[in-house]
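J.:
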Amino acid sequence: MFFKWKDNFSVGIEVIDKQHRMFLEQLNSYHEKISEHLDSKTVAEFIDNLKAYVNIHFRYEEALMREHNYPQYYAHHQHHQYFVSRIIKFEESANKGDVRSIESMMEFMRDWFINHILQVDKEFVLSLSKGELQPPVRRYPPKRR
Ligand SMILES: [Fe+2]
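Residue numbers for the sequence shown follow our numbering, beginning at 4 and rising by one.
Below is the structure:
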């Protein structure tokens, strides 16, 4: 298997763990498809799914951080942005017909994801569970009567 789940990948927040597993499954499934037959249609489909996924997943994490006024929010957001920028770059070359780097792209994604979960995501969840962060801020307080 290209990307195998390990118990220490779990950050302890069920929704986030589920989303991380979804990424792993997506990467594995496309890695298998692509190693059987590499064609631009599958690559385009992979990129589309990936973009939809990161949009949901990164937004979820970032919303949670903002809600709790996480001081490292911006740095974490930058990590996510870097990952997105790599996808866009890859998409650009794939659109020009160059899909040969897909294997190394997938390796990069797997390694980035593992490091990101183990260091950056866990750091956030740790601060959250230690109660270091502020309680959720209600951004739209109910109107006073
Ligand atoms: Fe993250």
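Ideal placement from N, C-alpha and C gives every residue a C-beta, glycine not left out.
#1: Contact between the segment 123 to 139 and the segment 68 to 81 is defined here as three or more beta-carbon pairs at a separation below 8 Å; is this criterion met?
#2: Just to confirm my understanding: we take His89, look at its own chain, exclude 5 residues before and 5 after, and list those with CB closer than 6 Å. What are they?
#3: Measure the Cβ-Cβ separation of Thr212 and Lys36 and say whether it is below 8 Å.
#4: Using only the heavy atoms of ligand 1, determine whether one of them is closer than 7 Å to the beta carbon of His23.
#5: Please classify Asp10: does DSSP put it in a helix, a strand, or coil?
#6: Buried or exposed for Glu64, please, with buried defined as at least 16 other CB atoms from any protein chain shown within 10 angstroms of its CB.
#7: Pick out whichever of Ser43, Gln22, Leu67 and His60 has its Cα sitting closest to the Cα of Arg103.
#8: Is Glu17 near ligand 1 - that is, is its Cβ less than 7 Å away from at least one heavy atom of it?
#9: Quick one: does the C-beta of His119 sit closer than 7 Å to a heavy atom of ligand 1?
#10: In chain order, which continuous runs of the alpha helix (DSSP H) of length 4 or greater are located wholly inside the segment 68 to 148?
#11: Could you check if Val102 belongs to the surroundings of ligand 1, using beta carbon to heavy atom distance under 7 Å?
#12: Go through its chain and collect everything with a Cβ distance to Lys7's Cβ below 6 Å, but skip five positions before and after it.
#13: In chain order, what residues of the same chain lie with their CB nearer than 7 Å to the CB of Leu30, ignoring the 5 residues before and after it?
#14: Taking the alpha carbon of Phe127 as the point to measure from, which residue in Phe12, Phe26 and Leu67 has its own alpha carbon closest?
#15: Between the Cα of Glu28 and those of Phe49, Asn11 and Glu17, spot the shortest distance and give me the residue it belongs to.
T.: Inspection of the coordinates gives the following:
#1: yes
#2: Sequence check: residue 89 is Arg here, not His. For Arg89, where only same-chain residues beyond five positions count, there are no Cβ hits under 6 Å.
#3: Any property of residue 212 remains undetermined from this structure, which presents the chain solely from 4 to 148.
#4: no
#5: helix
#6: buried
#7: Ser43
#8: no
#9: yes
#10: 76 to 98, 105 to 118 and 125 to 132
#11: no
#12: none
#13: Phe5, Phe6, Met109, Met112 and Arg113
#14: Leu67
#15: Phe49
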